[in-house]
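Structure, as structure tokens:
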Amino acid sequence: MPDKKVRVRFAPSPTGGLHLGGVRTVLFNYLFAKKHHGDFVLRIEDTDQNRYVEGAEQYIMDCLKWCGLFPDESPEAGGPYAPYRQSERKSIYREYAEKLVRQGHAYYAFDTPEELEQNRREIPNFQYGLAYRDGLRNSLSLTQHEVDELLDRHTPHVIRIKMPADERVSFDDVIRGHVSFETNQVDDKVLLKADGMPTYHLAVVVDDYLMKISHAFRGEEWLPSAPVHLLLWEYLGWKADMPQWAHLPLILKPDGHGKLSKRDGARLGFPVYAMSWFDAKTGELTPGFRELGFLPEAFLNLLATLGWNDGTDQELFTLDELIEKFSIDRVSKAGAKFDFEKAKWFNAEWIKKSEAGTLKSEVRKVLEDKGVVVTDENYLNQVIDLVKDRCVLLTDFYQQSAYFFEQPKEYDVNSVKPKWTDAKAEFFNAFIGTINSTKVFEPAALETDFKALAEEKGIKAGELMLPFRIMLVGAKFGPHVFDIATLLGKEETVKRIEKALVAFNN
Ligand code: GLU
């Protein structure tokens, strides 16, 4: 039999912002699919109406777009297995739930929410399952006649899986190896809700089957659900088609104690979501990597290394390299500690290695958001090339390059004044003349002229460099000062010297 075509899916529930662990799940699915010339499907699991959050689906799609991880099939792109939004597939699921009831693997349960609440209050560790199901109102405890009557009267009910007694179910996880569960430990999960919507457990199995999913990589937090899913695959007669599962390791807090949560981000001062997420209900804005100034390439690169390496010391990978080198066998089962300093290192490296042309539109946005007007694209490119090695975040481009577009508003006079002399003022006045008469205005020649003039005036060139920098930049930072002057141009350099001389001589 030929190998099954590789088809993977990312199946988020649109309930809020997208945690970086979610994007890593997307990434690993995507890399695996692309490596094996397979399909990457985005399926929106929105059957839980109570948890549905307006705008969350669009936000998830925007996150994937920002990362450049485009699904081959999705609610937006369509595809041969549409619809890809589970709420639009509602009519599909009931028949499978009913089939399970007929087979004796599932049953109707008529308990009201109040009755269940009372049980939870009165019975410690109450679980709807083997231990209690006989005493509750369901088609296992009631007579056929009673059940028929309740159904005829359209009594609200759910369909629950009947977990078998004293069995062990197991599967081979691609990352974890052989994993097994005692069925007695697992409760009878609801499969179909009173509103006719499937729960996640039923919908995920039915859709993975109908959409011919070959591999399902998902977060470790879904491992406890695996026994229910395994039994459903088996009871529905689809076991041979079950996808290969890989439960990805958790992303841990920086200290390694427990899963990295949204709250940890707020506490420690770094983002946990891919993009900023605004919760309209609470009015809370949770910051994102994108808005903080991460490049998507860097974000993906750092996520790839959380739980995976290629077996060498290489840390920087393009998406194409990741596709080529990724192997699910090299994903570790141990949780991966998140290190924000390391995350920033990835970003700085990516900014360094990116062409000005690819950074341009983001940098322009950073500058324009702060009111800096950029008119000349070519000039912007040159500025980016000159300062990018000094930027860790895209937002750093504001501080590092605003002075190329507007004159300093103030000067770090404290760094100049104590050593400022008339002789130095005289030097700069003369230097204006040198600049005006020079024909080639480029860094090396300018530096030579600067040093020659300093020598002529009997002042150490080293003592003039800092004032010169502060004249151009306003402060003590930036690339080589002659590079700055050259890029600013003759006229602007002269203007800035003149303006600063007024401030320094005062
Ligand atoms: N809908 C689940 C989620 O929100 C999908 C889990 C799975 O991939 O099976 O993550």
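All letters in the sequence shown, in the order written, are residues -6 to 499 by my numbering. Just so it is clear, CB atoms sit at the ideal spot from N, CA and C, and this is done for glycine as well.
{"Asked": "Quick one: grab the DSSP three-state call for Gly262.", "Found": "coil"}
{"Asked": "If you pair each beta-carbon of the region 257 to 277 with each one of the region 219 to 233, do three or more pairs fall below 8 angstroms?", "Found": "no"}
{"Asked": "In whole angstroms, what is the alpha-carbon distance linking Phe461 and Gln375?", "Found": "21 angstroms"}
{"Asked": "Please state the DSSP three-state secondary structure of Gly15.", "Found": "helix"}
{"Asked": "Less than 8 angstroms separating the beta-carbons of Ser394 and Lys469?", "Found": "no"}
{"Asked": "Opposite Ile509 in the DSSP bridges: which residues?", "Found": "Here the chain covers residues -6 to 499 and nothing more, so residue 509 does not appear."}
{"Asked": "Mapping the DSSP letters down to three states, classify Asn131 as helix, strand or coil.", "Found": "strand"}
{"Asked": "Could you tell me whether the Cβ atoms of Tyr74 and Leu203 are closer together than 8 angstroms?", "Found": "yes"}
{"Asked": "Rounded to whole angstroms, what's the CA-CA distance from Ala26 to Thr441? Just pull it up for me.", "Found": "57 angstroms"}
{"Asked": "Would you kindly work out how many angstroms separate the C-alpha atoms of Met235 and Val162, rounded to a whole number?", "Found": "14 angstroms"}
{"Asked": "Residues in the same chain with beta-carbon distance under 7 angstroms from Phe33, minus the five sequence neighbours each way, listed in chain order, please.", "Found": "Val1, Asn22, Tyr23, Ala26, Pro64 and Asp65"}
{"Asked": "Determine the closest residue to Leu20 out of His30, Cys60, Gly31 and Thr192, with distance taken between C-alpha atoms.", "Found": "Cys60"}
{"Asked": "Please determine whether the Cβ atom of Tyr77 lies at a distance below 7 angstroms from any heavy atom of ligand 1.", "Found": "no"}
{"Asked": "Let me confirm a value: Ser207 is counted as buried when at least 16 other C-beta atoms fall within 10 Å, else exposed. Which label applies?", "Found": "buried"}
{"Asked": "Run through the DSSP bridge pairs and tell me what Ala329 is partnered with.", "Found": "Ile244"}
{"Asked": "My output table needs one value for Lys492: the three-state DSSP class, helix, strand or coil.", "Found": "helix"}
{"Asked": "Is it the case that the region 329 to 341 contacts the region 241 to 251, given that we only count it when at least three CB pairs across the two stretches are under 8 angstroms?", "Found": "yes"}
{"Asked": "Mind reading off the beta-carbon distance from Ala493 to Ile463? Whole number of angstroms is fine, and I expect it under 8 angstroms.", "Found": "7 angstroms"}
{"Asked": "With distance defined between alpha-carbon atoms, name the residue in Arg130, Ile154 and Arg153 nearest to Leu143.", "Found": "Arg130"}
{"Asked": "Looking at Leu185 and Ala90, is the spacing between their C-beta atoms short of 8 angstroms?", "Found": "yes"}
{"Asked": "With distance defined between alpha-carbon atoms, name the residue in Val487, Arg153 and Tyr125 nearest to Val94.", "Found": "Arg153"}
{"Asked": "Is the separation between the beta-carbon of Ser347 and that of Leu288 shorter than 8 angstroms?", "Found": "yes"}
{"Asked": "Kindly indicate which three-state DSSP category Gly71 falls into: helix, strand or coil?", "Found": "strand"}
{"Asked": "What span of residues does the alpha helix (DSSP H) with Ala454 cover, start to end?", "Found": "Ala454 to Val466"}
{"Asked": "Note down the Cα distance separating Ala447 from Arg383, rounded to an integer number of angstroms.", "Found": "29 angstroms"}
{"Asked": "Which same chain residues, not among the five before or five after Ala416, have their C-beta less than 7 angstroms away from its C-beta?", "Found": "Lys450 and Ile452"}
{"Asked": "May I ask you to check if the CB of Trp301 is nearer than 7 angstroms to at least one heavy atom of ligand 1?", "Found": "no"}
{"Asked": "Give every residue of the same chain whose Cβ lies closer than 6 angstroms to the Cβ of Lys410, excluding the five residues on either side of it in the sequence, and list them in chain order.", "Found": "none"}
{"Asked": "Since Leu13 and Ala267 are thought to touch, with beta carbons under 8 angstroms apart, how far apart are those beta carbons, to the nearest angstrom?", "Found": "6 angstroms"}
{"Asked": "Counting Cβ pairs closer than 8 angstroms, one from the region 432 to 440 and one from the region 398 to 406, do we hit at least three?", "Found": "no"}
{"Asked": "Any idea if Trp343 is buried or exposed, counting beta-carbon neighbours within 10 angstroms, 16 or more meaning buried?", "Found": "buried"}
{"Asked": "Taking only heavy atoms of ligand 1 into account, decide whether any of them is closer than 7 angstroms to the Cβ of Pro73.", "Found": "no"}
{"Asked": "Please report the straight-line C-alpha distance between Ala349 and Arg357, rounded to a whole angstrom.", "Found": "11 angstroms"}
{"Asked": "When the Cα of Asp362 is compared with those of Trp301, Glu284, Thr105 and Ser84, which residue comes out closest?", "Found": "Glu284"}
{"Asked": "What are the complete alpha helix (DSSP H) segments, minimum 4 residues, inside the region 205 to 253?", "Found": "219 to 228"}
{"Asked": "Looking at the unbroken alpha helix (DSSP H) that takes in His194, where does it start and where does it end?", "Found": "Tyr193 to Leu203"}
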